[in-house]
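Student: Plus 9 on top of the position in the sequence shown (first one is 1) and you've got my numbering.
Virtual Cβ for every residue (Gly too), placed ideally from N, Cα, C.
Quick caveat, the model's predicted, so the values are computed rather than measured.
Once you've had a glance at the structure underneath, I'll fire off some questions.
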Amino acid sequence: MGEAVGRRATVGALPQSISGGRKDHTMKLHKNSVALVTGAARGLGWGIARAFGIAGARVGVTDIRDDELARCARDLAADGADFQTFRSDVADLAACKDVVRKIVDRCGRIDVVVHNAIYMPLMTFEATTPEEWVRQLAVGLGGLFNCTHAAWDQMKAQGGGHIIGIASGSSLRGYKQEVGYCTIKHGVEGFVKALSLEAKAHNIALNTIGPGVRIKPTRMTWAEYDQTSEQLRAGWADPVELGRAWVWLAAQPPGRFSGFRFDAARLVQTIEREGDDFAFAPEKVTLYPDDFRARQEWYSGYENDL
10 MGEAVGRRAT VGALPQSISG GRKDHTMKLH KNSVALVTGA ARGLGWGIAR
60 AFGIAGARVG VTDIRDDELA RCARDLAADG ADFQTFRSDV ADLAACKDVV
110 RKIVDRCGRI DVVVHNAIYM PLMTFEATTP EEWVRQLAVG LGGLFNCTHA
160 AWDQMKAQGG GHIIGIASGS SLRGYKQEVG YCTIKHGVEG FVKALSLEAK
210 AHNIALNTIG PGVRIKPTRM TWAEYDQTSE QLRAGWADPV ELGRAWVWLA
260 AQPPGRFSGF RFDAARLVQT IEREGDDFAF APEKVTLYPD DFRARQEWYS
310 GYENDL
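As structure tokens, then:
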């Protein structure tokens, strides 16, 4: 497993395509906050990692693609972020533990784990071999388990933390040629809902955030992205700006929200209108407020029945 380290110099500004151009509104985390983002070499994970770095967190990023991980490192350095990069497979529990150990050795703690890594080839059920099925679930669901397992004891010892998965339309609906991916995304929600009940006693929050808007296709490499037209790119939201939603959630006390699903575009728009400390309502943070309320009701009733 490879590792690289960078240090923060200056803090840059986030683009404002979703927010409509409002400036000087970048949330700052506590100066000692430490975040790990998996699958951070490109796409949404890349944007989340950069948003954490810009907000002042120390950031650890993992991926299995050396060339794209190097590009992520260059971008984090250009942002002035304090970061570590690791070539690591989230399907390997020992590798996840090694990453967390190295982050804690350097930073003394780990406050946030964002499990973004995914392996999602589009294929029919008939084309999906048992080996293919196992690999997809090992990354998407097994990776969430492994990263949570790796950080769990440290978060308990330090008094809490945040585990954040990635939500999707596939968390709620089914799509052709996405049997594996839809299973994973439904499973991520189940994992978060169930473990949030156990984690509450340790002040560890588990939630998911989806982009809530159209983004660059997950499977698209940087090389492919560089060949796309400006017109096509204009239809995709900026992942660094969306990343502010993960920063906002990580800045909340873990006891405030756990077991919920948020949507980044809606949340970022709310922050731009009302500020980071807006008066909360589910409609302001998710495309599915009825689901949010149903979870609130379930958790409240569950606790009352204990």
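Which first and last residues belong to the alpha helix (DSSP H) in which Q240 is found?
Tutor: The count along the sequence shown starts at 1 and reaches residue 240 at position 231. Element bounds for Q240: E239 to R242.
Student: Any idea if W55 is buried or exposed, counting beta-carbon neighbours within 10 angstroms, 16 or more meaning buried?
Tutor: Counting from 1 along the sequence shown, the entry for residue 55 is found at position 46. Under this definition W55 is a buried residue.
Student: Using 8 Å for Cβ pairs, my map puts V108 next to F92. What's the rounded Cβ distance?
Tutor: Counting from one through the sequence shown, the residue named residue 108 turns up at place 99. Counting from one through the sequence shown, the residue named residue 92 turns up at place 83. With 8 Å as the limit, V108 and F92 do not qualify as a contact, their Cβ atoms being about 13 Å apart.
Student: Would you mind listing the alpha helix (DSSP H) stretches within the region 199-285 that are 4+ residues and don't spill past its ends, in chain order?
Tutor: For the region 199-285, whole alpha helix (DSSP H) runs of length 4 or above, ordered along the chain, are 231-235, 239-242, 248-251, 253-259 and 273-283.
Student: Within its chain, find whatever has a CB closer than 6 Å to the CB of A317; leave out the 5 residues flanking it on each side and keep chain order.
Tutor: In the structure as shown, the chain starts at 10 and stops at 315, and residue 317 therefore has no counterpart that could be examined.
Student: What is the DSSP secondary structure of D101, reduced to helix, strand or coil?
Tutor: Within the sequence shown, the letter at position 92 stands for residue 101. Here D101 sits in coil by DSSP.
Student: Leaving aside the five residues before and after G199 along the sequence, list all residues of the same chain whose C-beta is less than 8 Å from its C-beta, in chain order.
Tutor: Taking the sequence shown and counting its residues from 1, the one referred to as residue 199 is at position 190. Result list for G199: empty, nothing under 8 Å.
Student: Who are the near neighbours of I193 in its chain, counting only those whose CB is closer than 6 Å to its CB and skipping five residues on each side?
Tutor: The residue you call residue 193 lines up with position 184 of the sequence shown. Taken in chain order, the residues that qualify are G149 and L150.
Student: Using three-state DSSP, classify E141 as helix, strand or coil.
Tutor: As a working mapping, residue 141 is identified with position 132 in the sequence shown. In this structure, E141 counts as helix in the three-state DSSP scheme.
Student: Which residue wins for smallest C-alpha separation from G338, given the options P248, G89 and I280?
Tutor: Since the first residue of the chain shown is 10 and the last is 315, residue 338 is not available in this structure.
Student: Could you pull the start and end residues of the beta strand (DSSP E) that F92 belongs to?
Tutor: Taking the first residue of the sequence shown as position 1, residue 92 is located at position 83. Where F92 is concerned, the enclosing beta strand (DSSP E) stretches over D91 to R96.
Student: Within this structure, are the beta carbons of G170 and V121 separated by less than 8 Å?
Tutor: Within the sequence shown, residue 170 is the residue found at index 161, counting from 1. Within the sequence shown, residue 121 is the residue found at index 112, counting from 1. Cβ distance < 8 Å, so G170 and V121 count as in contact.
Student: Tell me where the alpha helix (DSSP H) around A87 begins and ends.
Tutor: Here residue 87 refers to the residue found at position 78 of the sequence shown. Here the alpha helix (DSSP H) through A87 covers D75 to D88.
Student: What did DSSP end up calling A64 once you bin it into helix, strand or coil?
Tutor: Residue numbering aside, residue 64 sits at position 55 when the sequence shown is read from its first letter. In this structure, A64 counts as coil in the three-state DSSP scheme.
Student: What distance in whole Å lies between the Cβ atoms of C156 and H124, which are believed to be in contact at a cut-off of 8 Å?
Tutor: Stepping through the sequence shown from its first residue, residue 124 is reached at position 115. Stepping through the sequence shown from its first residue, residue 156 is reached at position 147. Confirmed, about 5 Å.
Student: Taking Cβ to Cβ, would you say A126 is nearer than 8 Å to G196?
Tutor: By one-based count along the sequence shown, residue 126 stands at place 117. By one-based count along the sequence shown, residue 196 stands at place 187. It is not a contact, given that the beta carbons lie outside the stated cut-off.
Student: I need the DSSP call for L45, collapsed to helix, strand or coil.
Tutor: Here residue 45 is taken as the residue at index 36 of the sequence shown, counted from 1. Of the three classes helix, strand and coil, the one that applies to L45 here is strand, per DSSP.
Student: Taking the alpha-carbon positions, what's the G244 to R223 distance?
Tutor: Here residue 244 corresponds to residue number 235 of the sequence shown, with the count starting at 1. Here residue 223 corresponds to residue number 214 of the sequence shown, with the count starting at 1. Distance between the alpha carbons of G244 and R223 is about 7 Å.
Student: Here's a check: name, in chain order, each residue in its chain whose Cβ is nearer than 6 Å to the Cβ of N41, leaving out the five neighbours to either side.
Tutor: Taking the sequence shown and counting its residues from 1, the one referred to as residue 41 is at position 32. Around N41: no qualifying Cβ.
Student: Can you list, in chain order, the residues of its chain with a C-beta nearer than 6 Å to that of K225? Leave out the 5 residues immediately preceding and following it.
Tutor: If you number the sequence shown from 1, residue 225 lands on position 216. If we look at K225 and ignore the five residues flanking it on each side, its Cβ neighbours are G52 and W245.
Student: Take W307 and list the residues in its own chain whose beta-carbon comes closer than 6 Å to its own, dropping the five residues that flank it on each side.
Tutor: In the sequence shown, residue 307 corresponds to position 298, counting from 1. Same-chain partners within the cutoff: there are none.
Student: I need the straight-line Cα distance from F289 to S267, nearest angstrom please.
Tutor: Sequence index remark: in the sequence shown, residue 289 carries index 280 (1-based). Sequence index remark: in the sequence shown, residue 267 carries index 258 (1-based). Distance between the alpha carbons of F289 and S267: 15 Å.
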